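What follows is a short report on a single structure.
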Amino acid sequence: NFDGDRDKAEHFLITCKAYLDLNDQTYTMDKSKIIFVTSFMNNRNTGSWAQGFLKTLQILSPYTLAIILSYGMWANFLKEFNDNFKAVDPEGTAMAKLCKLKQSR
2 NFDGDRDKAE HFLITCKAYL DLNDQTYTMD KSKIIFVTSF MNNRNTGSWA
52 QGFLKTLQIL SPYTLAIILS YGMWANFLKE FNDNFKAVDP EGTAMAKLCK
102 LKQSR
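Plus 1 on top of the position in the sequence shown (first one is 1) and you've got the working numbering.
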């Protein structure tokens, strides 16, 4: 499960993409990829984001007047995910962590 830690976002997404690529015959549609990734975003921080993201995709069907879910495009999902969770300055974060390291005896 992804907990929203920006330092782990890229690893989470790479892992998900690798699994999706390995199972490309199962995950052929953007919808199935988005559902797969959001199914691992169920803690307090990421769960509320995933729920909000999916809620914005709800549309009112003009034919049945029922609310349906249009999952959108995989590329759009990836952009939204990266905008919300990817580390803003990974190099700077790494440098700051290195500067805080202390050598022990």
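Ideal Cβ positions, reconstructed from N, Cα and C, are used throughout, including at glycine. Fair warning: this is a prediction, and the values are worked out from it, not measured in the lab.
With distances taken from CA atoms, which of the options is nearest residue i?
i	options	result
Val89	Asp8, Gln26 and Trp75	Asp8
Glu81	Ala19, Trp50, Ser33 and Asn24	Trp50
Count the other CB atoms within 10 Å of the CB of residue i; is the residue buried (16 or more) or exposed (fewer)?
i	result
Ile15	exposed
Thr39	buried
In this structure, how does DSSP classify residue i when only helix, strand and coil are distinguished?
i	result
Gln59	strand
Gly48	helix
Lys34	helix
Asp8	helix
Would a C-beta distance cut-off of 7 Å place residue i and residue j closer than the cut-off?
i	j	result
Ile35	Phe3	no
Which value, in whole angstroms, describes the spacing of the CA atoms of residue i and residue j?
i	j	result
Ala10	Thr47	11 Å
Lys56	Lys103	46 Å
Asp25	Trp75	14 Å
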